[in-house]
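To keep things clear, I will list the structure first and then write my remarks on it.
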Amino acid sequence: MVCEAYRAAPAAPDRHPQWHPSIWESGDIQHSNIRERLRRRDDDPLNGADLRRADLRGVDLSGRNLAGVNLEGANLQGANLTHASLIHANLCEANLQEAMLQGADLTDADLTNAGLGRASLQGALLKSAVLYRANLLGANLRGAHLANAILANAILSEATLIGADLSDARLEGARLQGATLQDAILNRAGLRGVNLRDADLPSAELRAANLQCANLIDANLTGATLRGARYNYHTRWPARWDPRQHGAILSVH
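Adding 1 to a residue's 1-based position in the sequence shown gives its number in our numbering.
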């Protein structure tokens with residue numbers, strides 16, 4: 002059997018957020034005073050707004066209620082979204098490079114193909130979020146909550162995931178080379194075909210995780226818990242590291 006990286010299909014329809022009716026017409030996006038309207042916090046609600054492909058570079062939306070907002074393809078590079086509510090938001094193909102999203106609530110948000118390189122997501126809530134093929138190169142996800150999130154084929158190389166909760170997350174085919182996952186929780190996570198080469202996983206929890214076809218060459222697994230984790234003959238381990246001694250189970254199917 003030749004093992005190939007997981008080729009994930011788009012998330013099932015029932016995992017995609019349902020968008021709320023738009024409050025602003027899309028034509029307003031090009032209006033010259035859009036940044037001024039975005040700054041208003043009194044009588045200008047943003048929840049459910051249609052801001053597709055809007056140029057919002059560097060805008061301050063910290064603490065704002067952006068639940069259900071349609072930001073598909075929007076440019077939010079360097080934007081301040083600290084503690085903003087983005088529940089059910091559509092951020093497909095949005096540019097969030099170097100954006101500040103500390104403590105933001107992105108529960109059930111759709112970030113398919115979004116660019117989040119070097120973004121700050123410390124403590125962000127991303128439960129059940131869709132990050133299929135998202136680019137999180139060098140992103141800071143320390144303490145982020147990613148339980149049940151879809152991260153298949155995502156780029157997480159050099160990302161910081163210290164103490165992050167990735168339990169039951171789908172990471173098939175994701176790239177995590179050189180990522181820092183110290184104390185991260187990956188129990189029951191789908192890690193088939195994941196590239197964890199040179200990743201740092203001291204004291205990480207990988208109970209019952211699927212590590213079939215995963216690449217863990219030169220990974221640091223000191224103190225990691227792998228009881229019940231599944232692997233196969235195509236799983237590549239650090240030199241002189243015996244998964245059976247750590248409770249992992251060989252799957253021959």
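Where is the CB? At the ideal position from N, CA and C, for every residue including glycine.
Buried or exposed (CB count within 10 angstroms, at least 16 for buried), Thr223: exposed
For Asn48 and Arg65, the rounded distance between their alpha carbons: 9 Å
Cut-off 8 Å between Cβ atoms - residues of its own chain near Ala255, not counting five sequence neighbours on either side: Lying outside 2 to 254, the shown extent of the chain, residue 255 is not represented and no answer is given.
Exposed unless 16 or more other CB atoms sit within 10 angstroms - verdict on Gly248: exposed
For Tyr232, the residue or residues it bridges with in DSSP: Leu251
Alpha carbon of Ile186 to alpha carbon of Leu202, nearest angstrom: 10 Å
CB contact below 9 Å: Pro239 versus chain B: As a matter of chain content, chain B is missing from the structure shown, which is built from one protein chain.
Residue environment, Ser33, which counts as buried when at least 16 other CB atoms sit within 10 Å: Bear in mind that the predicted position of Ser33 carries a pLDDT of just 45, short of 50, making it too unreliable to give a figure here.
CB contact flag (Asn96, Leu77, <9 Å): yes
Residues near Glu159 by beta carbon distance below 7 Å, same chain, minus five either side: Leu138, Gly139, Gly179 and Ala180
Three-way DSSP call (helix, strand, coil) for Arg176 in this model: strand
Per-residue burial, Leu251 [other beta carbons within 10 Å of its own, 16 or more giving buried]: exposed
Length at least 4, wholly inside the stretch 174–221: the alpha helix (DSSP H) runs in chain order: none
Anticipated Cβ contact below 8 Å, Asn149 with Ala175, distance rounded: That belief does not hold up - the Cβ atoms of Asn149 and Ala175 are roughly 15 Å apart, past 8 Å.
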